[in-house]
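Okay, so the sequence shown: first residue is 21 according to my numbering, each after it adds one. The structure appears below as structure tokens.
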Amino acid sequence: RQYSTKHDLVVIGAGPGGYVAAIKAAQLGLKTACIDKRGPPGGTCLNVGCIPSKALLNNSHIYHTIKEDTKRRGIDVKGAEINFPQFMKAKEDAVKGLTDGVRMLLKKNKIDYFEGTGSFVTENKIKVVKNDNSEVELEADNIIIATGSEVTPFPGIEIDEERIVSSTGALELKEIPKNLVIIGAGIIGLEMGSVWSRLGSKVTVLEYGSAIGGQTMDSELSKTAAKLLKKQGIDIIFDAKVETASRNGDVVTTTYEYKGEKKTLESDILLVAVGRRPYTKGLDLEKVGVELDNRGRVIMDSEYRTNKKHIRVIGDATFGPMLAHKAEDEGIAVAEFIKSGHGHVNYNVIPSVMYTHPEFSWVGQTEQQLKEQKIAYKVGKFSFAANSRAKTNLDTDGFVKVLVDKETDRILGVHIAGANAGEMIGEACLALEYGAAAEDIARTCHAHPTLSEALKEAAMAAFEKPINS
Ligand code: FAD
């Protein structure tokens with residue numbers, strides 16, 4: 021297709037932030053181009069993040085269930101084995117299907133999509149060095165930086181993506197490791213640990229702090245998660261201060277300090293999962309004077325404008341939680357701001373999910389945050405052990421916890437540990453978005469028997485009393 025080099029909007033990066041912004045802008049009538057150096061669109065999320073990890077999590081969970089949990093269900097299974105190439109291909113098929121789908125959407129919305137690296141030439145001119153080495157210059161009235169994030173390196177540990185891997189390498193291992201050591205008990209590390217542990221690896225997680233899941237996780241949820249993952253055989257060592265790691269042939273040796281003692285661990289794979297940091301390398305931002313903060317995040321205002329008003333930024337490259345749905349919502353809002361001057365994302369209602377089994381999900385405030393702010397609150401809790409669907413599924417680990425304002429009954433936070441917690445949190449998001457009270461959920465009819473009745477019962481517990489507990 022012929023394209024013009026003059027656009028209303030050029031989006032750099034086609035991750036969940038960038039491609040959504042491009043589509044929304046095109047729908048609003050802006051002539052839009054989008055650039056991604058990876059080639060296939062979809063960014064980290066579709067190519068090396070959310071999607072491949074969830075494919076491996078789902079299929080490893082099915083395998084683990086067949087292997088370990090069929091007897092009591094009255095199903096005799098013989099000879100269930102992993103066909104490793106096919107197991108990995110199923111993941112690749114999911115990625116390809118979805119990235120092809122995004123490519124089709126870009127085309128359908130008449131967006132000029134360039135596979136190549138974008139950089140600033142002037143404040144309104146972007147040079148694209150295409151992946152076939154040809155070059156094109158695009159002129160734009162508006163530019164969105166949606167270049168995402170990269171793995172935070174661990175000083176002194178060299179990632180070769182073979183034996184010492186980041187999450188990207190951990191999604192593409194050549195065989196099931198016998199031993200896997202993971203630095204960092206954040207969501208990404210624990211999801212990857214779950215995958216390989218279910219397939220038979222001995223997994224040890226070294227965590228610098230004293231809790232899993234990062235700071236945004238409610239501490240009761242975090243403790244429950246640590247307990248349940250340990251029960252599944254994942255060894256989590258808290259207060260482990262990793263010093264260094266090195267590879268010698270096929271063996272990786274990791275050295276850490278624990279309670280004043282030096283310890284070492286040998287493994288065939290070491291996964292470094294200590295976080296992600298904004299990625300703006302190669303954009304030549306300094307040429308146009310776009311400012312970053314001391315953590316490398318592009319500084320923006322409430323309309324996603326950088327210090328150059330027509331250059332905006334969204335997603336992992338700027339402030340806020342590094343989550344695909346946050347980037348997507350910003351993608352829509354930024355396009356609306358460009359078109360009409362109005363857009364909106366409610367940063368108090370961004371859910372988080374850890375897709376282990378059971379899953380852990382949360383939205384709104386944690387108990388520790390409410391205590392810090394001295395907000396008087398009530399807790400409504402309901403255990404899946406008393407939920408009829410969880411019982412029929414023989415899958416009763418976990419609970420729903422609803423935190424409400426003591427005076428007004430308004431819901432302030434919801435925290436769920438349980439199978440399908442990631443799906444269930446959607447209802448809680450809607451409740452928070454609409455400023456619902458616990459009574460609103462308690463008086464809303466929920467289908468029986470479903471796991472979502474546990475949310476209703478937890479809301480009843482916060483508002484008055486539950487029925488089934
Ligand atoms: P990205 O998705 O990182 O996309 C940015 C794109 O910009 C990249 O494709 C890159 O190639 C391109 N780019 C960069 N510089 C240039 C340039 N100069 N020119 C052209 N292109 C450029 N989030 C969730 O919400 N749920 C999950 O389950 C989840 N799981 C994850 C699992 C893993 C293993 C990882 C690593 C991340 C996960 N995330 C998850 C986080 C999620 O992937 C990110 O928050 C999300 O992708 C951010 O979107 P983005 O559009 O800001 O950036």
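Every residue, glycine too, gets a C-beta built ideally from N, C-alpha and C. Values in this document were obtained by computation on a predicted structure and should not be read as measured data.
Residue(s) in a DSSP beta bridge with residue i
| i | result |
| --- | --- |
| Val122 | Bridge partners of Val122: none, in fact. |
| Phe402 | Val420 |
| Ser381 | Val373 and Ile436 |
| Glu286 | Thr273 |
| Val292 | Ile203 |
| Ile257 | Leu226 |
| Met312 | It should be noted that the sequence gives Leu, not Met, for residue 312. BP columns for Leu312 point to Val318. |
| Val97 | Paired residue(s): none; Val97 is not in a bridge. |
Three-state secondary structure (DSSP) of residue i
| i | result |
| --- | --- |
| Tyr367 | coil |
| Lys222 | strand |
| Cys465 | coil |
| Tyr133 | strand |
| Pro486 | coil |
| Asn67 | helix |
| Gly138 | strand |
| Arg58 | coil |
| Asp13 | In the structure displayed, the chain extends from 21 to 489; residue 13 sits before or after that span and is not available. |
| Glu447 | helix |
| Ile43 | helix |
| Ile208 | helix |
| Thr264 | strand |
| Arg409 | helix |
| Ser169 | strand |
| Asp28 | strand |
| Lys116 | helix |
| Lys51 | coil |
| Arg430 | strand |
First through last residue of the alpha helix (DSSP H) which encompasses residue i
| i | result |
| --- | --- |
| Ser80 | Cys70 to Glu88 |
| Thr244 | Ser239 to Lys251 |
| Arg297 | First-last for Arg297: Arg296 to Pro298, but that is the beta strand (DSSP E), not the alpha helix (DSSP H). |
| Glu306 | Leu305 to Val308 |
| Ser360 | Ala344 to Ser360 |
| Ser187 | Ser187 to Ala190 |
| Glu387 | Glu387 to Glu392 |
Of the listed residues the options, nearest to residue i (C-alpha basis)
| i | options | result |
| --- | --- | --- |
| Ile289 | Lys401, Met212, Ser239 and Leu471 | Met212 |
| Ile445 | Gly384, Gly209, Lys328 and Val141 | Gly384 |
| Gln106 | Lys194, Ala462 and Leu450 | Lys194 |
| Ala260 | Lys243, Leu241 and Lys283 | Lys283 |
| Glu387 | Ser381, Glu379 and Lys398 | Lys398 |
| Arg15 | Asp120, Glu182 and Val141 | As shown, the chain starts at 21 and ends at 489. That puts residue 15 outside it, with no answer to give. |
| Leu303 | Glu323, Ile32, Lys109 and Gly433 | Ile32 |
| Ala6 | Thr470, Ile184, Ser372 and Leu312 | In the structure displayed, the chain extends from 21 to 489; residue 6 sits before or after that span and is not available. |
| Gly99 | Tyr278, Ala110, Gly38 and Ile86 | Ile86 |
| Leu432 | Gly168, Leu452 and Glu447 | Leu452 |
| Ala410 | Glu459, Asp429 and Ala474 | Ala474 |
| Ala353 | Arg123, Ile177, Lys44 and Ser24 | Lys44 |
| Gln252 | Ala265, Val272, Thr273 and Thr224 | Thr224 |
| Val122 | Lys145, Gly59, Ser73 and Val97 | Gly59 |
| Trp216 | Gly37, Ile254 and Met124 | Ile254 |
| Ser218 | Val185, Leu77 and Lys329 | In the sequence under discussion, the amino acid at residue 218 is Arg, which differs from the Ser named in the question. Checking every option, the nearest Cα to that of Arg218 belongs to Leu77. |
| Phe483 | Lys51, Lys401, Ala467 and Cys449 | Lys401 |
N- and C-terminal bounds of the beta strand (DSSP E) containing residue i
| i | result |
| --- | --- |
| Glu159 | Glu155 to Ile165 |
| His330 | It is not in any beta strand (DSSP E) - His330 carries neither H nor E in the DSSP assignment. |
| Lys150 | Lys145 to Lys150 |
Between the segment 418-431 and the segment 218-231, do at least 3 Cβ pairs fall closer than 8 Å?
-> The segment 418-431, when compared against the segment 218-231, does not touch it at the 8 Å Cβ threshold.
Do the segment 199-206 and the segment 79-89 meet, that is, are 3 or more Cβ pairs less than 8 Å apart?
-> no
The segment 161-176 in contact with the segment 325-336 per 3-pair CB rule at 8 Å | yes
Would you check if the segment 434-444 and the segment 373-381 touch, i.e. whether three or more CB-CB distances between them fall below 8 Å?
-> yes
Could you tell me whether the segment 145-153 touches the segment 235-243, where touching means 3 or more Cβ pairs closer than 8 Å?
-> no
Given 8 Å, three or more beta-carbon pairs between the segment 56-74 and the segment 101-117 | yes
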